[in-house]
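Encoded as C-alpha cells, the structure appears first; notes follow it.
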Ligand code: ADP
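Numbering (our numbering), first residue to last: 5 to 283.
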C-alpha cells in the first residue's frame, strides 16, 4: 500500500510517495511554471516511477501548497502550514519551530509536540528575502544559485546590505562591485539580511528549539549558516527539507488510510499580523 503528498508551490512542485511503513519510496520535483495541473501530474508520475508503483495503485493522495486545488488526482487538500508542521515533526521529531523559505514567500510556524500548528505568520506580499531575492542576487553577480551559499561562507568582512527588496538590491550590488568590494562579502551581507528578516518573522510566533528549516532555500548552506548565527541555535535540515510540505501531506494521507485519522482544519494565526515585505 502506498500514499502520496503533492505540494504545488508558487515556484516549485514536489511529490513524496510513502510505503505503508511510512518510509519514503519516491520523490518528484519540477518547476511549477504556467501549467499547474501538468506540474502536479509530472511530479506524481516521477515519484511513482521512483517508488515502482502504478499511479492508480496509490491509495490516497493529498494536495497542498498554493496550487493544492489543482491536483486533479488528489483525494483531498490540506494547507501548507499544517503540512510543513507535520512533515517537519515527522523528519525531526523534536521540532517546535519551522522556518520555511520558498521561492516567493517565507513562513514561521510554531509546532506542538504532536506536530500540530500552534501559531504561524507569513510574509507573502512580496519576494523580499525569499528564493527569488537570492536568484536576483545570483543573476546580477553572474553566478549560479547553487554556488552563492558556498561563496558567501568564504567572507571575512561581511557587508551590510540595506535593501532586501528584489528590485533595489540589484543596483546596491552593482554599486558595491564598482567600489571594489569582494563578491563573498557582498553575498554574506545578502544572506545575513535574509536571516535577519526571517528571524524577525520567527520572533512573532516565538522561537523554541528545535528549529527546522524547510523550503527550497534550505538547500543553500550559506543560508543555513547565516540563520544559525542569527538565531544562536543549530538548525535541522537535510536532503528532504525541500520536500517537507509534500512529506507532511503524505503523512496525513497515511494516517487517514491506516487509522482513519482526522485531517486538520485550516489553522488561523493567533494574533500574528501578516507582514508586508521589503520596501
Ligand atoms: P515554493 O515556494 O514554490 O514551494 P520551494 O520551497 O520549493 O518553492 O523553493 C523554491 C526555491 O528554492 C527556488 O526559487 C530557489 O530560489 C530555491 N532553490 C532551489 N534549489 C536551490 C539550490 N540548489 N540552492 C539554493 N536555492 C535553491
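Don't be surprised by glycine CBs; every beta carbon is placed ideally from N, CA and C. Predicted, not measured: the structure shown is a model, and the values here were computed from it.
Range of the contiguous alpha helix (DSSP H) that encloses residue i
i	result
residue 189	187 to 209
residue 262	248 to 263
Residue i versus residue j - alpha carbon distance
i	j	result
residue 16	residue 68	12 Å
residue 106	residue 227	12 Å
residue 166	residue 197	8 Å
residue 180	residue 65	49 Å
residue 126	residue 101	13 Å
residue 203	residue 231	8 Å
residue 183	residue 158	19 Å
residue 22	residue 261	12 Å
residue 37	residue 43	7 Å
residue 190	residue 78	44 Å
residue 224	residue 195	10 Å
residue 169	residue 187	19 Å
residue 174	residue 39	29 Å
residue 13	residue 193	27 Å
residue 98	residue 24	23 Å
residue 172	residue 218	26 Å
residue 145	residue 138	11 Å
residue 31	residue 46	11 Å
residue 280	residue 131	Model confidence at residue 280 stands at a pLDDT of 39, short of 50, so the residue's coordinates are unreliable; what they give is reported in the following sentence. Going by the C-alpha atoms only, they are around 10 Å apart.
8 Å Cβ cutoff, residue i in contact with chain D
i	result
residue 168	Judged by its chain identifiers, the structure shown contains no chain D, having just a single protein chain.
Run of the beta strand (DSSP E) containing residue i, from where it starts to where it stops
i	result
residue 291	Since the first and last residues shown for the chain are 5 and 283, residue 291 lies out of range.
residue 101	101 to 105
residue 123	121 to 127
residue 218	215 to 218
Residues bridged to residue i (per DSSP)
i	result
residue 34	17
residue 67	10, 81
residue 111	104, 126
For residue j and residue i, believed in contact at Cβ under 8 Å, the rounded distance
i	j	result
residue 7	residue 63	6 Å
residue 114	residue 104	Not a contact, Cβ separation roughly 13 Å.
Per the contact definition of three or more C-beta pairs closer than 8 Å, is the region 106 to 117 in contact with the region 46 to 54?
-> no
Contact between the region 242 to 260 and the region 85 to 99: three or more CB pairs below 8 Å?
-> yes
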